[in-house]
Amino acid sequence: MMKKNEPVPFYYPGSKKPIYDAKAEAEMDAIIVCGKKACKTNSLSVLNEILNRQGKKDVEIDCKVKMTTESVTFYCNASVQLTVNGPKYSGYSENEERDAAYNFCAYQILKKIYDGPEKNLKLCNFGTAKKGDKTPRQTIIYAPTETEIVKILGKEVTEENAKSLLNQVLAKEGQTSAVFDYDVVPGGRPLRFKTNLNVSLESSGKKYSVEKITSSKRTGAIECAMDVLKQMAKEGEYVVRDRKRERKIGLTKATVEILDDPDLYNDIESFFKWMQIELPKFDVDSKEPVIISPPSILDLEKEPEDRNRDYGIIYEDQVMCEWFPPRPNYNCWLGCTLSSNNKWWNKGLYEISQELLYLETKKKINVKMEEMRQKLPIFAKKSQIIESSERYQVTLIKSNTGSGKSTQVAQILQKHYISTYRGGEFNCIITQPRRLSAISLAKRVAEERGETLGQSVGYCVRFDKVDPRPFGSILFGTVGTILRKLSSGFRGISHIIVDEVHERTLDTDFLLIILKQMMCKYSNLRVILMSATVDTAQFEKYLYGINVIELGGTSYEVQEMYLDEFIQYYEYVPKDFNKPEDFDTDQEKWSFNNINDQTIVSPIAKYIANCIERNEEFPYDVIVQMIKESAKVMYETGEYGSILIFVPGWAEITTCINRLEESEENEVYWSLPLHSNLTTEEQNRVFQSPPDGKIKVIVSTNIAESSITVDDVLYIIDSCKQKMQMRHHDSAAAVFRIGWASKDCMEQRKGRAGRVRPGYCYRLVTKELWNSLQQQSEAEIKTAPLHSTILDIKALGLGDSKNFLQHSMEDIDDKNISESEEYLMQLSALDKNCKLTYIGGIMQRLPFTPDTAKCIITAILFGVVDSISIISGNYGSSNSLYTNTCDPNEIADFILKLCGDFISDHVIPLMAVKESIRSERTYSYDTNIYEYISESALNYLYKVRSQIFTLLKEQFHDCSFNDYGLINNESSCSTMHVIIALLVKSYYPNVAYQNKKRNFLDMDGFKMTAHKCSVISLDKENFENRSPFLIYSQKIITTFAMFKECSVVSPLHILLFGSSKVIYCGGRQIRLDDCYTFEMNPKLAQMILHLKIIIDELLQSLCAKRQLNEKEQAMKHFIRNLIERITTMAYKINDKTFEKIKLDSPTKVDFTIIGGTTNWM
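Per the UniProt record's numbering, the sequence shown starts with residue 1, numbered consecutively.
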């Protein structure tokens, strides 16, 4: 008999044997991992929650069943990886109960995480999926909670109701009850049953199957039913959200009341009648919800009747990856025939080659630089490189960092061709992973050749380029810009060199697929791949007939010291050191002298190192101590050099430099940042010598990891971390995390020292952790959204996306491909058959993401393309708009003055450009804009504007580019309201709502915070006087969600362009995306929603014909006028009325001629 206070035994379904006789026994083994409490009975759900919070799928457990005459045993094993490049953790278990085996396997994994460096890892907080989600916010993503509760039809799924709930679902599908198939498992006693269940849902076309082995049929049926319901919940089928549990607070408690405007209603109604468009009818008295929004994917297959056949899009049967070698009268860099006044016009290749040789022999040789070049290790393989390029179509050069491959390989080939009278047959492209490396390498090679840029060496990066001569030349470029050249093929290029191929970016892998196909077709094309750490076996398998050349780097040794070794050697003890429990009682054990012949690290050094590794705070104090010790050695030995520190991002750079400036030795250090946000001039400071008596300390991101050489680097301090963009496994949500770098990346970093003498490398990880990290980073093509890549595939005529991408080195998830295609359909870039539309054809030519490109093209319709180009250029720029000496919080008044009546980060660059132009024209410098706004950032925006103007002028006959002169920052500016409307169209579903508690909520009800430099953070006191709705450019998810670059918008902006599924709920109530409730005339809402269809059809016509006919011109002006008036309508929310805005200079149209009410002429 059970005693009064004895815990009740815990049983699994169908089992008479208790797993544990007391819950307390499980609690005894409880551990806290990543902030989650786990024990042996809940480990599987805890592990899955941790993985989901990291954007990963549930753990996949490999379970094998072994049956004997006496028993059934389940053998489970699994492995997981919490972070990119981080350690892998495995677990194994065996048990007679399946669930116990699963949980104990997961517990073994959690125990290893608990004992490892990621014990205290801060988990992500995923909210709204970003663009590319299959059906934004309509698909309910299943996320296990702490108690693993699953709901179907609004009810919690339990063992008691699982079969009943499943039958209710099937009844709604018009099917009979679930049919379970039972078989006896052969092999003796005790008797076991295998239960199978197959369910098909006609409403979604999805099928669910499950198989269970249990001790009874009843248990098998229950477990099968529960598993199928769990699968349905993950797919969002027949789920009613538990808003309290999921924090779905997106439904605003305050209804937005849109005040009637009879004139506007009559004008919109007359416009639809004039267009002969009849909207779907719905019963205003219906008690059932009615969808009144248009379909998200439009049918754009029809050809415009008066399309000019001179302008066509690229169809899939036109293969654009064409190639031919250099030929007379063709400029490969411009993709066109030479003009008659060109120096090389009408000359044969031999004559060109003779002249190139003459120019080469005429040059004055820099003897010192030539001697330095010939000392580089790559020169030892000079003849082998030439021979390989002549004999083999593709060559892989693997050489250590510092060998000179990035600067010398192309020069070796160039000199060989010119010296053998074949210079006219040589033109070489070299791709680089980063803008800075492309430009700096081009300058270096030009200097080595005794030339200026633009002679035989040039570069091509986003919004900046210097074209070299058309023959015998080398062009450095980022991979993305080189891919843009594919629209005209690689015509006139003899050699393509892909440098740093180990980085495996999305663009690099895409280029490799194309090059592989081109080499099959064009046997004379030569491709060279280069890297210091590439896996040669992987490329030998991928590219048939590849020739591999391997050589070492510098002959100077770089000594490594790991974190625990550093702590031991310098007996370093952190300020906030938490002593072990027996530290004071067992001093001998915890002494730094407690080492022997087998170990070089004492227990105390290892303990401190493990504490630092497990601490999620960045180890600034350790880095400062390493710098101090390095500087001390320099002064003692008289051997001086610079110190290069690798940190993840800009925040770590600035904090690290601040810590150095606050240190006692601050006068010794000459601290320099190195980041892509800096101007070229600021970046080039790292190559300069430090002032006398100072030590140069460079604090950099991975921008200095490859292809950039600072010759005087003596010490490397590697945080072993990097900032990376991740993608949630079940959506396209972008997540920026700081994680471990791969071993290959860290070897690249180490190679930055030891160029001219022996060097030293400190690594902020223990040797044990180093051994557990991944050798190579995961290829980006496996996880990154593929929107731009698929648009390129379609525009370049490369066929079906899945068929093309299956030629990648990596296996790509079909779901990622299909989601990206559906997103492009929603942008009208692809039609419903995944064929490229005319809109998509123009979008692909613009150097922006698809959503931004669509926004720019739409801006042409409404005459605001200049302004949208400037905003888009600033969003896509890595340069800060503000000067580096300027803190936005200190100049809040200046920023708010630029914004005027609009609380908008997007308005700031627009008004800054206008102010700078006004100042230059009037020579008025009352407020010196360059005191706060970076002049180089504005110059960059001018370059962006100029390039977009050039691209669009090639595509459209009439493209005005002066609207920035028509805008102002007053609420009465009609043009500004159109600009904001297009931004909503571009950034949707990045919509947020600020509630009465001043919390920002995304469209799933998750809390977010504004970036500290955002204008909305500077305008906190104006909360009551502005709309609670805003749109934002980007969400960054670390341990919390934060949005960047936002604009406060009217709820009418959201209705017009910021919603996908709008439901009429009866009376005057409509619901937007199951998030926001509006009270307004439902017929007016329907007409407003359908304007976006007319806009896209008008845009399709414009992209097909490059101009609009007379009626389409009239349509364009009518629509712009309606947008201006809709977005400035009066509304009421939170007991505050926002009055209708009176517009200055609205678009001049006369609605009376089409039966409307107003005349704006």
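Think of the CB as a built atom: it goes at the ideal place given N, C-alpha and C, for glycine as much as any other residue.
Problem set entry | Length at least 4, wholly inside the region 394 to 439: the alpha helix (DSSP H) runs in chain order | When DSSP assignments are scanned along the region 394 to 439, the uninterrupted stretches of alpha helix (DSSP H) that are 4 or more residues long and fall wholly within it turn out to be 405 to 419.
Exercise. Going by other Cβ atoms of all chains shown within 10 Å of its Cβ, with 16 needed for buried, is W740 buried or exposed?
Worked result: For this step, residue 740 is matched to residue 740 along the sequence shown. Counting Cβ neighbours within 10 Å, W740 comes out buried, since at least 16 surround it.
Exercise. By Cβ distance below 7 angstroms, which residues in the same chain neighbour T680 in space, the five residues on each side in sequence not counted?
Worked result: Looking up residue 680 in the sequence shown gives position 680. Cβ neighbours of T680 within its own chain (closer than 7 angstroms, five residues either side excluded): I439.
Exercise. G348: buried (16+ other C-beta within 10 angstroms of its C-beta) or exposed?
Worked result: Taking the sequence shown and counting its residues from 1, one reaches residue 348 at position 348. The residue is exposed, with fewer than 16 neighbouring Cβ atoms inside 10 Å.
For this session: Note down the Cα distance separating D597 from V756, rounded to an integer number of angstroms.
Result: Within the sequence shown, numbered from 1, the residue matching residue 597 stands at position 597. Within the sequence shown, numbered from 1, the residue matching residue 756 stands at position 756. D597 and V756 have their alpha carbons spaced roughly 34 angstroms apart.
Problem set entry | Counted within 10 angstroms of its Cβ, other Cβ atoms place K1148 as buried (16 or more) or exposed | Locating residue 1148 in the sequence shown gives position 1148, where the first residue counts as 1. Counting of Cβ neighbours within 10 angstroms places K1148 among the exposed residues, the total staying below 16.
Problem set entry | Ranges of the alpha helix (DSSP H) found wholly within the region 485 to 551, counting only runs of at least 4 | Complete alpha helix (DSSP H) runs here, min 4: 506 to 521, 536 to 542.
Exercise. Looking at F463 and Y940, is the spacing between their C-beta atoms short of 8 angstroms?
Worked result: If you number the sequence shown from 1, residue 940 lands on position 940. If you number the sequence shown from 1, residue 463 lands on position 463. At a Cβ-Cβ threshold of 8 angstroms, Y940 and F463 count as neighbours.
For this session: Leaving aside the five residues before and after L764 along the sequence, list all residues of the same chain whose C-beta is less than 7 angstroms from its C-beta, in chain order.
Result: If you number the sequence shown from 1, residue 764 lands on position 764. Excluding sequence positions up to five before and after L764, its CB lies within less than 7 angstroms of the CB of L563, P619, V622, D718, S719, C720, all in the same chain and listed in chain order.
Exercise. Are at least three pairs of beta-carbons, each pair with one atom in the region 706 to 716 and one in the region 745 to 761, less than 8 angstroms apart?
Worked result: Touching, per the Cβ criterion.
Exercise. Between T195, L1098, Q374, which lies nearest to V409 when the distance is taken from Cα to Cα?
Worked result: Mapped onto the sequence shown, residue 409 falls at position 409. Scanning T195, L1098, Q374 for the CA closest to the CA of V409 turns up Q374.
For this session: Look up K66 in the DSSP assignment and give the residues it is bridged to.
Result: Taking the sequence shown and counting its residues from 1, one reaches residue 66 at position 66. In DSSP, K66 forms a bridge with T73.
Exercise. Looking at L153 and Y238, is the spacing between their C-beta atoms short of 8 angstroms?
Worked result: The residue labelled residue 238 in the question sits at position 238 within the sequence shown. The residue labelled residue 153 in the question sits at position 153 within the sequence shown. In this structure, Y238 lies near L153, with their beta-carbon atoms less than 8 angstroms apart.
Exercise. Using the beta-carbon count (16 or more within 10 Å), is T849 buried or exposed?
Worked result: Here the question's residue 849 lines up with position 849 in the sequence shown. So T849 ends up on the buried side.
For this session: Please list, in chain order, all residues of the same chain as I948 whose beta carbon is under 6 angstroms from its beta carbon, the five residues on each side excluded.
Result: The residue labelled residue 948 in the question sits at position 948 within the sequence shown. If we look at I948 and ignore the five residues flanking it on each side, its Cβ neighbours are S869.
Exercise. For I32, does the three-state DSSP call read helix, strand or coil?
Worked result: As a working note, residue 32 is residue 32 in the sequence shown. In the structure shown, I32 sits in a strand (DSSP, three-state: E or B).
For this session: Would you please state the rounded distance, in angstroms, between the beta carbons of D509 and I781? I believe it to be under 8 angstroms.
Result: On the sequence shown, residue 509 is found 509 positions in, with the first residue counted as 1. On the sequence shown, residue 781 is found 781 positions in, with the first residue counted as 1. Yes, they are in contact, since the Cβ atoms of D509 and I781 sit about 4 angstroms apart, within 8 angstroms.
Exercise. Residue range of the beta strand (DSSP E) that S45 falls in?
Worked result: Position 45 of the sequence shown, counted from the first residue, corresponds to residue 45. Following the DSSP letters along the chain, one finds S45 in no beta strand (DSSP E) but inside the alpha helix (DSSP H) bounded by residues 43 to 53.
Exercise. Are there 16 or more other CB atoms within 10 angstroms of the CB of P186, so buried, or fewer, so exposed?
Worked result: Position 186 of the sequence shown holds residue 186. With fewer than 16 Cβ atoms within 10 Å of its Cβ, P186 is classed as exposed.
Exercise. How many Å lie between K234 and L82 at the Cα?
Worked result: Locating residue 234 in the sequence shown gives position 234, counting from the first residue. Locating residue 82 in the sequence shown gives position 82, counting from the first residue. The alpha-carbon atoms of K234 and L82 are separated by roughly 21 angstroms.
Exercise. Tell me which same chain residues have a C-beta within less than 6 angstroms of the C-beta of I313, skipping the five on either side of it?
Worked result: One-based indexing of the sequence shown puts residue 313 at position 313. With a pLDDT of 46 at I313, under the threshold of 50, the modelled position of this residue cannot be trusted; read the value that follows with caution. For I313, same chain residues with a beta-carbon under 6 angstroms away, outside a window of 5 residues either side, are L836, Y838, G841 in chain order.
Exercise. Under a Cβ-count criterion, where at least 16 other Cβ atoms within 10 Å of its own Cβ denotes burial, should Q138 be classed as buried or exposed?
Worked result: On the sequence shown, residue 138 is found 138 positions in, with the first residue counted as 1. Residue placement at Q138 is poorly supported in this model, since its pLDDT is 27, which falls under 50; the coordinates still yield a value, given next. Exposure of Q138 is indicated by the presence of fewer than 16 other C-beta atoms within 10 angstroms of its C-beta.
Exercise. Tell me the DSSP bridge mates of T214?
Worked result: What you label residue 214 is simply residue 214 of the sequence shown in a count that begins at 1. In the DSSP output, where bridge partners are listed per residue, T214 has F193.
Problem set entry | Contacts around N1103, its chain only, beta-carbon distance under 6 angstroms, and the 5 residues preceding and following it disregarded | Within the sequence shown, residue 1103 is the residue found at index 1103, counting from 1. The sequence given here places Cys at residue 1103; Asn does not occur at that position. Cβ within range, chain order: Y838, I839, I842.
For this session: Put K381 into one of helix, strand or coil per three-state DSSP.
Result: Here residue 381 refers to the residue found at position 381 when the sequence shown is read from its first residue. Collapsing the DSSP output to three states places K381 in a helix.
Exercise. From M976 to S820, what does the alpha carbon distance come to, in whole angstroms?
Worked result: One-based indexing of the sequence shown puts residue 976 at position 976. One-based indexing of the sequence shown puts residue 820 at position 820. Near 31 angstroms, if we compare the C-alpha coordinates of S820 and M976.
Exercise. According to the neighbour-count rule (16 or more other Cβ atoms, all chains shown, within 10 Å of its Cβ), is E705 buried or exposed?
Worked result: Numbered from 1 along the sequence shown, position 705 holds the residue referred to as residue 705. Under this definition E705 is a buried residue.
Exercise. Within this structure, are the beta carbons of T395 and I493 separated by less than 8 angstroms?
Worked result: As a first step, residue 395 is located in the sequence shown; it is residue number 395 there, counting from the start. As a first step, residue 493 is located in the sequence shown; it is residue number 493 there, counting from the start. Not a contact, by the Cβ cut-off of 8 angstroms.
Exercise. For Y988 versus P1051, is the C-beta distance shorter than 8 angstroms?
Worked result: Sequence index remark: in the sequence shown, residue 988 carries index 988 (1-based). Sequence index remark: in the sequence shown, residue 1051 carries index 1051 (1-based). For Y988 and P1051, no; Cβs fall outside 8 angstroms.
Exercise. Where I222 and F804 are concerned, what is the direct C-alpha to C-alpha distance, given to the nearest angstrom?
Worked result: Sequence index remark: in the sequence shown, residue 222 carries index 222 (1-based). Sequence index remark: in the sequence shown, residue 804 carries index 804 (1-based). Using only the alpha carbons, I get a separation of about 44 angstroms.
Exercise. Are the beta-carbon atoms of A992 and L1056 separated by less than 8 angstroms?
Worked result: As a position in the sequence shown, residue 992 is number 992, starting the count at 1. As a position in the sequence shown, residue 1056 is number 1056, starting the count at 1. Against a cut-off of 8 angstroms, the Cβ pair of L1056 and A992 comes out as no contact.
Exercise. Three or more C-beta pairs closer than 8 angstroms, one from the region 784 to 797 and one from the region 824 to 832: is that the case here?
Worked result: Touching, per the Cβ criterion.
Exercise. Of the choices I1153, W323, L644, N85, whose alpha-carbon is the least far from that of F490?
Worked result: The residue you call residue 490 lines up with position 490 of the sequence shown. Here the closest residue by C-alpha is W323.
Exercise. Taking Cβ positions, are M809 and A779 nearer each other than 8 angstroms?
Worked result: As a working note, residue 809 is residue 809 in the sequence shown. As a working note, residue 779 is residue 779 in the sequence shown. Cβ atoms of M809 and A779: closer than 8 angstroms.
Exercise. CB L356 to CB W345, shorter than 8 angstroms?
Worked result: Position 356 of the sequence shown, counted from the first residue, corresponds to residue 356. Position 345 of the sequence shown, counted from the first residue, corresponds to residue 345. L356 places its beta carbon 8 angstroms or farther from that of W345.
Exercise. When the distance is taken between beta carbons, is V228 closer than 8 angstroms to L166?
Worked result: Sequence index remark: in the sequence shown, residue 166 carries index 166 (1-based). Sequence index remark: in the sequence shown, residue 228 carries index 228 (1-based). A contact, by the Cβ cut-off of 8 angstroms.
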